[in-house]
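Some notes on the structure that comes next.
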DNA sequence: GCTTGACTCTGGAGTGACTACGGGGTGTGA
DNA sequence: TCACACCCCGTAGTCACTCCAGAGTCAAGC
Ligand SMILES: [Zn+2]
Ligand SMILES: [Zn+2]
Ligand SMILES: [Zn+2]
Ligand SMILES: [Zn+2]
C-alpha cells in the first residue's frame, strides 16, 4: 500500500487545516514535500507523524519556535537533553502564571455578572456601575498608580487547536 | 487647578504606555484630544477616567470591540442593559473555557516534566519519548481522527496588562 | 547662542499563529 | 462540455499592541 497523500488528505488525517499545513511548510516546520507531476504536494507517513507531533506540542501551547527546537532533538537524539527539560519547565511556568491570572479573572467576572439585577436600563445596571467604579480605583489591582512591584503575569500566545471538520 | 495632561503624564497616571494610548486613539476607543499650539495632545480628567475604564476591562480580558460597546452604554445609559449581561456572560464563558483547558494543560505538562530522569542524551529523554508517543495518538485528545464532536475550547486573545515602570 | 536631553509628533512595520481571499490550474463524474 | 472539488501561489487581514525612524518642541546648562 502506497501511503501518498495530497494536502487535503494529510489535513483530514491529522485534523489540521490545509492553510495551516502550508503555513508550517513556509515557516520551515514541515519539510518541503515531494511534488506530483501536476505540482500537488505529495506527503508520506513521516509527514503525518511530524505534523501530529507539532499539533500535539501546540495543544500544550508550546510556541512554534520551541516546537522547532524539539523537532531538532527528535532528529538529533545524541544531543544533551537538559535543554528539553528547561524548555518544558519554562512552558509549565508560563502556563501556571496564566492559569493563576485566569482564576483571578474568573472570580472577578463571576462576581461582576452577579451585579445585574432586574434593571433594564444601562444607567441602572450594576455591572456597568461596578466597572466604572473599579476603573476609578476602588478594589481593583489592575491600575494602581504608585505601586512599585505591580507587574501582572504575562499571558503569552493562545493555543486554540481547533479542528475544522471531522 | 487645571488638570491638563500631555500624553506622557496621562500614561504615567493610568499606568499605560504612550504607544498604547495613541493606538486607542487611532482605533477610536479614546476620542481625539484637544491639541496645544505646538501640536501636543492635551488631555483632561475625562480622558483619564475613560482610559482607566478601558484598562480595567482589558484586565478582565474583554476584547476591545466589546470595550467599545460598553463605553457606548456608559455614554447612553438609557439603552437596554440586556446586552451588557450577554456580553459579560460570553466573556465569562470564554474565560471558563480557557481556564478549563489551562488546567488540563498544566496537568499534562506537569506529568511530562516528571518523565525526564537521569538521562542526558535526547534519545533517552522521557519527555521527548512521551511527546512522540502522544503524537502517535496514545492517550491524547488533541488529535483524535474520527471523533465527531471533538472541538476544543477556543482560546481568544491575551490580556497582558503590563505596566512599564512605576 | 548653542548644545544636550527629555519629551512629543507622524507614519509604517513587526509580532505569533494562523486565516481568508483572489485568481488561476487540475481532475473527475454526469 | 460543464460543474464541482480539489490544488497552486501570493498577499493581506486578524488582535492588541510594540517598536522604529526621522523630525519637531522646549527648558536647562554652559
Ligand atoms: Zn496530542
Ligand atoms: Zn444589567
Ligand atoms: Zn482595574
Ligand atoms: Zn530529558
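Chains as they are written, first to last, in the working numbering: chain A, 1 to 166; chain B, 167 to 332.
Note that beta-carbon positions come from the ideal geometry of N, C-alpha and C, so glycine has one too.
Inset, instruction - Sort B/180, B/172, B/259, B/287 by Cα distance to residue 136 of chain A and report the nearest one. - result: B/180
Inset, instruction - Could you please give the first and the last residue of the uninterrupted alpha helix (DSSP H) stretch that includes residue 74 of chain A? - result: In the DSSP assignment, residue 74 of chain A falls within the alpha helix (DSSP H) that extends over 64-75.
Inset, instruction - Would you kindly report the start and end of the unbroken alpha helix (DSSP H) that includes residue 222 of chain B? - result: 211-225
Legend entry - is_contact[residue 25 of chain A, chain B] using C-beta, thresh 8 angstroms: no
Inset, instruction - Using a cut-off of 8 angstroms between C-beta atoms, extract the partners of residue 289 of chain B located in chain A. - result: 77, 78
Inset, instruction - Closer than 6 angstroms by C-beta to residue 190 of chain B: which residues in its own chain qualify, once you throw out the five before and the five after it? Chain order, please. - result: 196
Legend entry - Three-way DSSP call (helix, strand, coil) for residue 169 of chain A in this model: Residue 169 of chain A lies beyond the stretch modelled for chain A, which goes from 1 to 166, so this question has no answer here.
Legend entry - Neighbour-count burial assignment, residue 286 of chain B, 16 or more Cβ in a 10 Å radius: exposed
Legend entry - Check: residue 299 of chain B C-beta below 7 angstroms from any heavy atom of ligand 4: Answer for residue 299 of chain B: no, Cβ out of range of ligand 4.
Inset, instruction - Consider the C-beta atom of residue 225 of chain B and the heavy atoms of ligand 3; say whether any pair is separated by less than 7 angstroms. - result: yes
Legend entry - Closer than 7 angstroms at the beta carbon, the chain B residues around residue 132 of chain A: 219, 240
Legend entry - Interface partners of residue 106 of chain A on chain B, CB under 8 angstroms: 258, 261, 262, 265
Inset, instruction - Can you pull the chain A residues whose beta carbon is under 7 angstroms from the beta carbon of residue 268 of chain B, in chain order? - result: 95, 98, 99, 102
Inset, instruction - Output the boundary residues of the alpha helix (DSSP H) element that contains residue 129 of chain A. - result: Note, residue 129 of chain A: alpha helix (DSSP H), 126-135.
Legend entry - residue 255 of chain B classed as buried or exposed, judged by whether at least 16 other C-beta atoms fall within 10 angstroms: exposed
Legend entry - Straight-line Cα distance separating residue 76 of chain A from residue 296 of chain B: Pairing residue 296 of chain B with residue 76 of chain A, the inter-Cα distance amounts to about 16 angstroms.
Inset, instruction - Output yes or no for whether 8 angstroms exceeds the beta carbon distance between residue 250 of chain B and residue 116 of chain A. - result: yes
Inset, instruction - State yes or no: is the C-beta of residue 84 of chain A nearer than 7 angstroms to some heavy atom of ligand 4? - result: yes
Inset, instruction - Determine the contact status of residue 245 of chain B and residue 65 of chain A, defining contact as a CB-CB distance below 8 angstroms. - result: Their beta carbons are not under 8 angstroms apart, which means residue 245 of chain B does not touch residue 65 of chain A by this criterion.
Inset, instruction - Establish whether the CB of residue 185 of chain B and some CB of chain A are separated by less than 8 angstroms. - result: no
Legend entry - chain A contact for residue 311 of chain B (CB, 8 angstroms cutoff): The pLDDT assigned to residue 311 of chain B is 45, lower than 50, so where the model puts this residue is not dependable; a value taken from the coordinates is nonetheless given after this. For residue 311 of chain B, the answer is yes, since a Cβ of chain A falls inside 8 angstroms of its Cβ.
Inset, instruction - Please confirm whether residue 67 of chain A and residue 298 of chain B have their CB atoms less than 8 angstroms apart. - result: no
Legend entry - Beta-carbon gap between residue 222 of chain B and residue 140 of chain A smaller than 8 angstroms: yes
Inset, instruction - Quick one: grab the DSSP three-state call for residue 183 of chain B. - result: coil
Inset, instruction - Please decide whether residue 66 of chain A counts as near chain B, where near means a Cβ-Cβ distance under 8 angstroms. - result: no
Legend entry - Distance cut-off 7 angstroms: residue 140 of chain A Cβ against heavy atoms of ligand 3: yes
Legend entry - Top-ranked residue by Cα proximity to residue 102 of chain A, from B/274, B/257, B/173, B/170: B/257
Legend entry - Alpha-carbon spacing of residue 52 of chain A relative to residue 109 of chain A, whole angstroms: Those two C-alpha atoms are separated by around 36 angstroms.
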